[in-house]
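Some notes on the structure that comes next.
Number of protein chains: 2
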Amino acid sequence: MASHGFWSLGAENGGESGGQSPVTARAWCQAAAQKFTGGIGSKLCALLNVGEVEKSADGADKPEAESCNCTTKPCNCSKSNLGFSELYSTDLLPALNGDLKTMTFLQEVVDILLAYIVESFDRSTKVIDFHYPNELLQRNNWELSDEPETLDDILISCRATLKYAIKTAHPRYFNQLSTGLDMVGLAADWLTSTANTNMFTYEVAPVFVLLEYVTLKKMREIIGWEDGRGDGIFSPGGAISNMYAMLLARYKMFPEVKEKGMSSVPKLVAFTSEHSHFSIKKGAAALGIGTESVICIKADERGKLIPSDLERRIVEAKQKGYVPFFVSATAGTTVYGAFDPLIAISDICKKYNVWMHVDGAWGGSLLMSRKHRWKLNGVERANSMTWNPHKMMAVPLQCSALLVREEGLMQSCNQMQACYLFQQDKQYDLSYDTGDKALQCGRHVDIFKLWLMWRAKGTIGFEAQIDKCLELSEYLYNKIKDREGYEMVFDGKPQHTNVCFWYLPPGVRYLEDKVEKMKRLHKVAPTIKARMMEYGTTMVSYQPQGDKVNFFRMVISNPAATFEDIDFLIEEIERLGQDL
Amino acid sequence: MASHGFWSLGAENGGESGGQSPVTARAWCQAAAQKFTGGIGSKLCALLNVGEVEKSADGADKPEAESCNCTTKPCNCSKSNLGFSELYSTDLLPALNGDLKTMTFLQEVVDILLAYIVESFDRSTKVIDFHYPNELLQRNNWELSDEPETLDDILISCRATLKYAIKTAHPRYFNQLSTGLDMVGLAADWLTSTANTNMFTYEVAPVFVLLEYVTLKKMREIIGWEDGRGDGIFSPGGAISNMYAMLLARYKMFPEVKEKGMSSVPKLVAFTSEHSHFSIKKGAAALGIGTESVICIKADERGKLIPSDLERRIVEAKQKGYVPFFVSATAGTTVYGAFDPLIAISDICKKYNVWMHVDGAWGGSLLMSRKHRWKLNGVERANSMTWNPHKMMAVPLQCSALLVREEGLMQSCNQMQACYLFQQDKQYDLSYDTGDKALQCGRHVDIFKLWLMWRAKGTIGFEAQIDKCLELSEYLYNKIKDREGYEMVFDGKPQHTNVCFWYLPPGVRYLEDKVEKMKRLHKVAPTIKARMMEYGTTMVSYQPQGDKVNFFRMVISNPAATFEDIDFLIEEIERLGQDL
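As structure tokens, then:
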């Protein structure tokens, strides 16, 4: 391993990768030094050269200061003069006179983070330096012990952690619905950590509680609820937001369930499309409703719920004496990116008096785009909506909102009025103590990053970012729809940024035995994906669906991605898959 | 307001406060400049002088560079040369050549944070600059608009947010069970935000998944489970951890509940002490069990569950044909800090075949102390335990663990096997994909800050920190137990750091009419608390309990607190309450 002992930047695991030129740590350092003015170049360079040092038997591999070829002198590549090797966490604040040591230590960490950030956006670096779990366990000492480590060791641990982390900001990281790293969002998250407080009362989070109020109101206005009225909360992810919605729907219909439980109510049934997210069933299991009471409605070939099937199943359930209480329509399904027909669904919900929830965890953000928001037409008729700004709006994880049309319902559904937290004789307006409407007691501050990004971009900035991602996905669709060796999983332009396709390597493409062909094709995507990870060049997801064998699901929510990155992805799939 | 337009450091709302000398922003600036070498003094000073500027009608209040009296020259108090007023978020990465602008912007944010941190630990600053909600809404423009703001505006928003934030790191902030700010924990949280990934699969969070594995195992070893075997997860807070435990207990006894819901099982009942946390009832409401099926067991005068009452109520429930499925013992109650007798409880649970959960959200961390861990004797017999390192171990929010003795149960209880996330044909050991055992889909990375702090302190460092907090609470107890004007809510040395007491101002102390006395006493704590917040000098919680009127509940988890801070609290209560 040529880059042993260095922050890994090159092709440690695989040599040349098509379309990009892997660089050595030293070359990257030289480029960085030239790129930046002032001390930043040498700082970056220094960081790269004192990256995690793997212990070799003879200890000879430790990088020396003279190994650096910075153009900026004096070069501070050797950090031995900082003295962290003799300092411990007990030397930091609140230790007496800990101020300077603390600031220097935190600055050191920030320097590591800044270098990581700049590196993450650089296409010549790897998305991931992949190792199998057992291997990764052995590459570093991750154990916890009785004795403290020095601050120097702590900095080494930080570098090691980042060395093996996924670069989720990387322009070629497409693996999940949440990708990218927004710089204002990141700054806001750093501030949130520093403020280190809890959303449950105004008393301990005055600004954040107000910002949540302002932001939820704005989101409800965008949904189209009159004057932005209603309620809502930021919860730990879309699955929990969906669970909240189901809980509210049940309570709205049978408020006695709170005290008396499910044994006091008739058999409840919920409805959602067969393409919906697994959290609907998971929520039903947790809430004591049971997964069998979630009835899966047929979806069309594009993955959209078929309203006539919904109505048929509701009628059927009623005939059996069950009580339909909840329909979860999906705005942006996980795999196909399909938008259920909300207007037709809302008509049915109204007719049968069923709570209409819209799971817009993935697609809800399209409401920010004047060009694409029609896909959610009818959402204003919903009783509740899940909307995850941490997905399509690229807010750092986690940031998921549940919006509710009826005011006061969350409070009465969830409140327990613990007098040791929600004292009723405080000096301020108690409606700002939002904690009792939550399922949680303590609640993490997820609002500030969204609020600050919104200030920085404006609504039009989010719109531009979203429109661009959709444009990229259309570009990808147009590029591959008639390209040799590709087959689309469904016909037609994608509604969201999901592009689902098979790549058929030459060896599979012309097979006549259909069973054999499907068997071979099923293994293509996993193999290419594993190779992508080993080379570290890009990451994209795949899965089977129903009777369809493994296919790629490309999703684009990373604001760093460009047309060239889409081209790269296709080239990479072909390069890594041509022999299969 | 003399300090109008300045980062507020002084006594804007109340003049002199007993025991501390409020300083003006300028004086603090001068002190800071002398304290630090290099550019840090002038940096700090600069930050203090360009704090949020309130817009006055004539615009005359804007602070000028010349208003600073730094000893370090040249002084960079005027930041106009940085050009952020012409830059937008779109100029930052991933913008072409956005590297330098990004690093400069993030560094600027970090400078603001570093100044806030140093200020937070300074006893001469306020814990809170309190404003009523409507007033706070008007003190700044918090609205979201269509158009973007400049990066300069974003920095101003950051300063404004911190100006009105609670300084949870402040040595005199005692308001919640989670207080203080650990510098290594903070560094780790900044790194976590930068890595911006999701715990659901090894694929996207390799290091963090391994660190969770290592840390949970260590915690299980400390509980006393053989070889650290078992399972667990980090969840969004103690309430959710407790809900997980209840869910597992129900599934263990009646696995069919997952598919068929509560209508398939007999009437389940849970048991917990009348002093337990409200999340037990909240969880029962959510899970469809109902709050009435949570039977509250009597506690003794110290707040500990009475085992004989537990057994009596279990027998009673069985006689009624109900099925006892869950006992939640509390290790460290919220108000009294009481530890339920775990050994006696475990005997009863064993006898009646009921799942034993220990809610150690608050007191679980005492397991880290050789001196205090006996209070949890018997925890090793529990089936599950909630343990929140974000409380007594001062890990930044949020960090809550649920530990489970039986392996594999979480997976079978919660899994939905979504093939688009947990593909079964990946190249690595799939047991590292932990997402399907969670209630959530995406899951925030809460592990790194705990792991890094553990490395930095060692187990003995956490032990020392915890022992010190308990020593402080004993000091407080000894100080006030015989002091004139004080009455303890319960007798005897506190078991945890909770010290519950009434302060009786002279005007109340000698009242003979007992009803009138209680009526007046009930208002004392809220009034003193409101005054504390207006002066911003300290914060401590209060509440009524049962038939007891409002009393103070002092808790100490803040590693920055000292004996002098305890003295200060008592002086402050007397200063603010003497006229009542």
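Note that the protein sequences, when read in sequence, are chains A and B.
Each residue of the first sequence is one higher than the one before, starting from 1 at the first, in our numbering.
Each residue of the second sequence is one higher than the one before, starting from 1 at the first, in our numbering.
Virtual Cβ for every residue (Gly too), placed ideally from N, Cα, C.
Asked: Where B/CYS158 sits in the DSSP three-state scheme; Found: helix
Asked: Spatial distance of A/SER596 from A/VAL257 (CA atoms); Found: It is not possible to answer for residue 596 of chain A, since the shown part of chain A is limited to 1 through 580.
Asked: Close beta carbons around A/CYS102, own chain, < 7 Å, minus the five adjacent residues each side; Found: Residue identity differs from the one stated: residue 102 of chain A is Thr in this sequence, not Cys. Cβ neighbours of A/THR102 beyond the five flanking positions: LEU92 and LEU93.
Asked: Minimum Cβ-Cβ distance from A/PHE234 to chain B less than 8 Å; Found: no
Asked: Residue-level contact to chain B via CB, A/ASP429, 8 Å cutoff; Found: yes
Asked: Endpoints, beta strand (DSSP E) assigned at B/ASP231; Found: 231-235
Asked: Chain A contact for B/GLU516 (CB, 8 Å cutoff); Found: no
Asked: Per DSSP, cross-strand counterpart(s) of A/VAL327; Found: A/PHE271 and A/MET356
Asked: Proximity below 8 Å, CB of A/ILE233 to CB of A/LYS437; Found: yes
Asked: Expected contact under 8 Å - CB spacing of B/VAL269 and B/LYS281 to nearest Å; Found: B/VAL269 to B/LYS281, Cβ: 13 Å. No contact.
Asked: Delimiting residues of the alpha helix (DSSP H) encompassing A/LYS167; Found: A/LYS167 -> no alpha helix (DSSP H), and no H or E assigned at all.
Asked: B/TYR486 versus B/PRO506: straight-line alpha-carbon distance, rounded; Found: 11 Å
Asked: Residue of B/LEU450, B/TYR244 and B/GLU292 minimising C-alpha distance to B/MET410; Found: B/TYR244
Asked: Contact under 8 Å by Cβ, A/SER85 with A/ASP146; Found: no
Asked: contact_flag[the stretch 510-519 of chain B, the stretch 555-571 of chain B] where n(CB pairs < 8 Å) is 3 or more; Found: no
Asked: Boundaries of the alpha helix (DSSP H) in which A/ASN550 is found, first to last residue; Found: Where A/ASN550 is concerned, there is no enclosing alpha helix (DSSP H), although the beta strand (DSSP E) it sits in stretches over 548-554.
Asked: Minimum Cβ-Cβ distance from A/GLY363 to chain B less than 8 Å; Found: no
Asked: Reference B/HIS522, options B/GLU534, B/PRO544, B/ALA530 and B/MET533, closest by Cα; Found: B/PRO544
Asked: CB contact flag (A/LEU162, A/ILE112, <8 Å); Found: yes
Asked: C-beta atoms of B/ASP129 and B/TYR173 nearer than 8 Å; Found: no
Asked: Presumed contact (8 Å Cβ cut-off) between B/TYR202 and B/ASP425, rounded CB distance; Found: Not confirmed; about 14 Å, so no contact.
Asked: DSSP state of B/MET103 mapped onto helix, strand, coil; Found: helix
Asked: Chain-ordered chain B contacts of A/VAL524 [CB-CB under 9 Å]; Found: Simply none; closest approach about 11 Å.
Asked: Burial state of A/LYS320, where buried means 16 or more other Cβ atoms lie within 10 Å; Found: exposed
Asked: Supposed contact pair B/ILE306 and B/PHE271 - C-beta distance, whole angstroms, cut 8 Å; Found: So it is not a contact: roughly 12 Å between Cβ atoms.
Asked: Residues of its chain near B/ARG302, where Cβ-Cβ distance is below 6 Å and the 5 sequence neighbours each way are ignored; Found: ALA338 and PHE490
Asked: Per DSSP, the bridge partner or partners of A/SER384; Found: A/HIS357 and A/VAL404
Asked: Residue environment, A/TRP28, which counts as buried when at least 16 other CB atoms sit within 10 Å; Found: Reliability of the predicted coordinates at A/TRP28 is poor, the pLDDT of 44 falling under 50, and the value obtained from them is presented with this limitation in mind. A/TRP28 should be labelled buried.
Asked: Whole-Å CB distance - A/SER276 paired with A/SER328, under 8 Å assumed; Found: 6 Å
Asked: Exposure label - A/ALA25; buried when at least 16 CB within 10 Å; Found: Only weak support exists for where A/ALA25 lies, its pLDDT of 42 falling under 50; the coordinates are left without a value.
Asked: Bridge partner(s) assigned by DSSP for B/CYS500; Found: B/ARG553
Asked: B/LYS493 classed as buried or exposed, judged by whether at least 16 other C-beta atoms fall within 10 angstroms; Found: exposed
Asked: Beta-carbon gap between B/SER557 and B/CYS469 smaller than 8 Å; Found: yes
Asked: Presumed contact (8 Å Cβ cut-off) between A/PRO526 and A/ASN550, rounded CB distance; Found: 6 Å
Asked: Proximity below 8 Å, CB of A/GLN427 to CB of B/ALA530; Found: yes
Asked: Min CB distance A/ILE240 to chain B below 8 Å; Found: yes
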